[in-house]
Each structure stands twice: as C-alpha cells, then as structure tokens.
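Single-structure report; data block below.
Number of protein chains: 2
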Amino acid sequence: MDLARENGIEFKFEASVGGAMPILNFAKETLPGNEIKSILGILNGTTNFILSRMTVEGSSYEHTLQEAQQLGIAETDPTQDVEGIDAACKTVILANSILGIVCTLKDVAVTGISRITSEAIDLAKKDGYLIKLIAEVSADSLSVSPRLVREDSPYAVDGTLNMATLKTDLADDVTVVGKGAGSIETASAILSDLVNIWKSKN
Amino acid sequence: MDLARENGIEFKFEASVGGAMPILNFAKETLPGNEIKSILGILNGTTNFILSRMTVEGSSYEHTLQEAQQLGIAETDPTQDVEGIDAACKTVILANSILGIVCTLKDVAVTGISRITSEAIDLAKKDGYLIKLIAEVSADSLSVSPRLVREDSPYAVDGTLNMATLKTDLADDVTVVGKGAGSIETASAILSDLVNIWKSKN
C-alpha cells in the first residue's frame, strides 16, 4: 500500500475480505468524514455455517463439520477456517487498510470454534443469544474469538453469510451483510475495484 | 436529477433515505458493474420500533404507539409513519435514483401497520417469523406493506434501525443496516455527500 501510494497508483483488494460484501470500498466511499473507530464482523463463512447448523439442529461440532465437508463448504483439512486463521488474516487486512493499524497475523489473538459444544449453544439460545466467531479490529484489540451476540442484532446472520459492523463517530453503527464466497460473487468485487480505478482516472 | 445532469452539476440526497445508513452512495460507489434488480428494505424507524416492541412485549398496537409518542419516536399525528406514507416517499426516491424507474407517490401500493394485532405477531413468532413493514422497489412492484420475514434473516433488525437488501445480478444479495434518524447521524450522510462532491471536483 505504501509502495502504491509513493508511485501514485491504486492498489485495490476488495475481494480479499468478505467476498461480494463491500467492506473496503464501503468504508472509504460511503463514510467519508466519519472516523471509523472499530470493526466487529463475521469474516468466515465456513465457521458461520457450522455454528448456524449446530444452533438449528442441536448437532455436535464434529458431526456438523463432516456435513460441511460433504457439502464442499469446509475443506478436507479445515484448520485454517475452524481455528480462526482465515478470519485473523482478514482482521489484519481491515486493521491495516481501514483503521491504519500497522500489524501482522501474530498481533491477532485467535481462538477458533472447535471446542464449541452444542450444550453451550443451547444454553446461549435459551437467553436469546447466539454464538458467533467474531473478529474485532480496534486500537485496543485485534482478535478473533467465539462470542455471544443477541438474536435480534445485525450479528445474527445465517449460513455462509459474512457481515461487518463499522462503529463510527458520526454515523454511529453501520452494518453491511453479503456473500462471503462464490465465484461470480467474488468476481463482482474485483469488477467493482476495476470500475472504481477506471472512474478515478477519467 | 435530469436538470442537474444537463447542467453538469451534482445533486446528492443521501440523507433523504435511511438517515445515516448509506444507501444511495452505497449502490453507486460500492457495486459498480452490478445491475441492481430490486431493493427490499425497512425504511421507517418509527414503525420498526413499534413492531419490535409489540413483538418483545406482546403489547397492543395502540398501547405501543402511545409509548413511542411519549418517547418522542412517533409524532403527535403519527399518520405519515404508521400508514406507510413516509416509507413510500423513500421508495419513490430509491426507484427513481437507483433503479431508474420513473414514478411518483401515487404509483406505490401502500399499507401501513395500524391494523397489525399482537395476536398476528405472536402467531408469526411461533413459526420463526417477524412482521416488518417492508418497502419493495422493483420493475414489477412498488409497494410498502407489512410482511413476514424470517427471524434469522437480515430483515430482522430491531428498534428504530433501518435496513435495505439490494438484489444484484453478480454480488447476489447485499444488505446495509444503520441508524435511520438522529441529528448527528443524518448530518454525517450530508457530510459524506459534500466530501464526495469535493473529491469528484479535485
């Protein structure tokens, strides 16, 4: 990014976080004048699918992971997703590019979902909460960990969806939700970068 | 808008729909290359507050409206909000400015929330649904009416929040959620317009 700035060229990577969900361009183009203080988001569709299914079906983590693998949603070696590493990489991208926090993967405190039990999910549900793998990006905290979120909050997105809430000084909380994966969907994010670069040159 | 285009000047009105929730700039700046086929949204915070409270408390429409009036969320004459007229005006703005559908208020089929009973809300809730006042903008339909939405969908936003789901050809469904009202929040939408105009001139 520094190198691109020095050379007066644009370096864009909208598709790298949230797939078709606009997040980098969203923060830059639709909230100018706002200071973005922190971002809380669900940045990994595979783990959100597993947690959503465990919530609806009361099934175990191991069983639901197998189901996700059979559907092609989880990979044969699911470590990168279920241990939160994929979400942590995206946390680093958001921290550097939106909040200007210079950091790398080793600065993110990461806990995955492999120890979440169906009993924990049931217990949360009885009180109106869901368990979601939440990435937090702020000056005080860079983390990915399972957290309780209210059922009626913007964090309660289902299946493989991604979401992010930008906490700002003027517009307050603004949330965006979209498809975190898919070939055409992700290509559309690359296309939006290309169109925006073309626009800025013309 | 035509007059502005003919004269080569910009005419922006982000704050007119969804307050601090980016919707007009969101559609134009973050989804270029996408065709937006339709928009489904909750564009009136007062009615969403009333329906949310009726759902949580099991209270009647009349009682909840009074509560909203005491809190300053509903006006003394609540007609514009509860009969869906405010949401219909915003439907017309989205139709003209995002989908290019030339229309006026009389083209929108409008039903408000004043006949929604707590019994209807309870019945929906038992099946995992909520009743929300949904605005639809598409080539086939311009309407504002109470509809059933799933509890675990992006439409399930609480209180005075606004939301809009843009159905696109490439990115699929993309949703934005934010504060529909508030002085500082709405001012931030105007500020984003001003910054974007400044950027486009420099």
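Respectively, the protein sequence lines represent chains A and B. Position one of the first sequence corresponds to residue 1 (the working numbering), numbered consecutively onward. Position one of the second sequence corresponds to residue 1001 (the working numbering), numbered consecutively onward. Built from N, CA and C at the ideal position, the CB exists for glycine as well. Predicted, not measured: the structure shown is a model, and the values here were computed from it.
Roughly how many whole angstroms lie between the Cα atoms of residue i and residue j?
{"i": "D193 (chain A)", "j": "A95 (chain A)", "result": "19 Å"}
{"i": "V1157 (chain B)", "j": "I101 (chain A)", "result": "31 Å"}
{"i": "E991 (chain B)", "j": "P1022 (chain B)", "result": "Since the first and last residues shown for chain B are 1001 and 1202, residue 991 (chain B) lies out of range."}
{"i": "S983 (chain B)", "j": "A189 (chain A)", "result": "Outside the modelled stretch of chain B, which goes from 1001 to 1202, sits residue 983 (chain B), for which no answer is possible."}
{"i": "T30 (chain A)", "j": "N1025 (chain B)", "result": "6 Å"}
{"i": "I1134 (chain B)", "j": "I9 (chain A)", "result": "43 Å"}
{"i": "K1028 (chain B)", "j": "L1166 (chain B)", "result": "12 Å"}
{"i": "L1191 (chain B)", "j": "P32 (chain A)", "result": "8 Å"}
{"i": "I1197 (chain B)", "j": "A1004 (chain B)", "result": "13 Å"}
{"i": "L1071 (chain B)", "j": "F1049 (chain B)", "result": "11 Å"}
{"i": "K1126 (chain B)", "j": "E35 (chain A)", "result": "41 Å"}
{"i": "D1086 (chain B)", "j": "V1092 (chain B)", "result": "10 Å"}
{"i": "E119 (chain A)", "j": "M54 (chain A)", "result": "10 Å"}
{"i": "T160 (chain A)", "j": "L1099 (chain B)", "result": "28 Å"}
{"i": "A1124 (chain B)", "j": "I121 (chain A)", "result": "24 Å"}
{"i": "N202 (chain A)", "j": "M1001 (chain B)", "result": "22 Å"}
{"i": "Y61 (chain A)", "j": "V137 (chain A)", "result": "27 Å"}
{"i": "A1187 (chain B)", "j": "T1168 (chain B)", "result": "29 Å"}
{"i": "I1073 (chain B)", "j": "S1141 (chain B)", "result": "29 Å"}
{"i": "K1090 (chain B)", "j": "A1164 (chain B)", "result": "12 Å"}
Could you name the residues of chain A that residue i contacts, counting a contact when the two beta carbons are closer than 8 Å?
{"i": "I1093 (chain B)", "result": "Here the premise fails: no neighbours, minimum Cβ distance about 17 Å."}
{"i": "E1185 (chain B)", "result": "L170, A171 and D172"}
{"i": "G1196 (chain B)", "result": "One detail in the question is off: residue 1196 (chain B) reads as Asn in this sequence, not Gly. Neighbours of N1196 (chain B) on chain A, chain order: E29 and P32."}
Look up residue i in the DSSP assignment and say whether it is helix, strand or coil.
{"i": "L1166 (chain B)", "result": "strand"}
{"i": "L1142 (chain B)", "result": "strand"}
{"i": "S52 (chain A)", "result": "helix"}
{"i": "V1092 (chain B)", "result": "helix"}
{"i": "E14 (chain A)", "result": "helix"}
{"i": "R1005 (chain B)", "result": "helix"}
{"i": "Y61 (chain A)", "result": "helix"}
{"i": "V1149 (chain B)", "result": "strand"}
{"i": "A225 (chain A)", "result": "Beyond the ends of chain A as shown, which are 1 and 202, falls residue 225 (chain A); an answer cannot be given."}
{"i": "L1031 (chain B)", "result": "coil"}
{"i": "L1191 (chain B)", "result": "helix"}
{"i": "D1173 (chain B)", "result": "strand"}
{"i": "I39 (chain A)", "result": "strand"}
{"i": "I1131 (chain B)", "result": "strand"}
{"i": "E1136 (chain B)", "result": "strand"}
{"i": "L123 (chain A)", "result": "helix"}
{"i": "L1161 (chain B)", "result": "strand"}
{"i": "G178 (chain A)", "result": "strand"}
{"i": "E1185 (chain B)", "result": "helix"}
{"i": "E1067 (chain B)", "result": "helix"}
{"i": "G1019 (chain B)", "result": "coil"}
{"i": "D77 (chain A)", "result": "coil"}
{"i": "E1196 (chain B)", "result": "In the sequence under discussion, the amino acid at residue 1196 (chain B) is Asn, which differs from the Glu named in the question. Helix at N1196 (chain B)."}
{"i": "G45 (chain A)", "result": "helix"}
{"i": "L1024 (chain B)", "result": "helix"}
{"i": "A1087 (chain B)", "result": "helix"}
List, in order along the chain, the chain A residues whose C-beta lies closer than 9 Å to that of residue i?
{"i": "F1026 (chain B)", "result": "P22, F26, E29, T30 and V176"}
{"i": "S1188 (chain B)", "result": "L31, G33, N34, T168, D169, L170, A171 and D172"}
Quick one: list the residues of chain A neighbouring residue i, beta-carbon separation under 7 Å, in chain order.
{"i": "S1192 (chain B)", "result": "T30, L31, P32 and G33"}
{"i": "P1154 (chain B)", "result": "V157 and V177"}
Could you tell me which chain B residues have their CB closer than 9 Å to the CB of residue i, listed as they occur along the chain?
{"i": "K179 (chain A)", "result": "A1171, D1172, D1173 and V1174"}
Q.
Across the stretch 1074-1083 of chain B and the stretch 1041-1056 of chain B, are there enough close Cβ pairs to call them in contact, namely three or more that are closer than 8 Å?
A. yes
Q) Does the stretch 62-80 of chain A come close enough to the stretch 17-24 of chain A that 3 or more CB-CB pairs lie under 8 Å? A) no
(Q) Check whether the stretch 1108-1119 of chain B and the stretch 111-131 of chain A are in contact - that is, three or more C-beta pairs closer than 8 Å. (A) no
Q.
Any contact between the stretch 132-147 of chain A and the stretch 109-123 of chain A? By contact I mean 3 or more CB pairs, one from each, below 8 Å.
A. yes
Q: Kindly confirm or deny that the stretch 1164-1184 of chain B and the stretch 167-176 of chain A touch, where touching means at least three C-beta pairs closer than 8 Å.
A: yes
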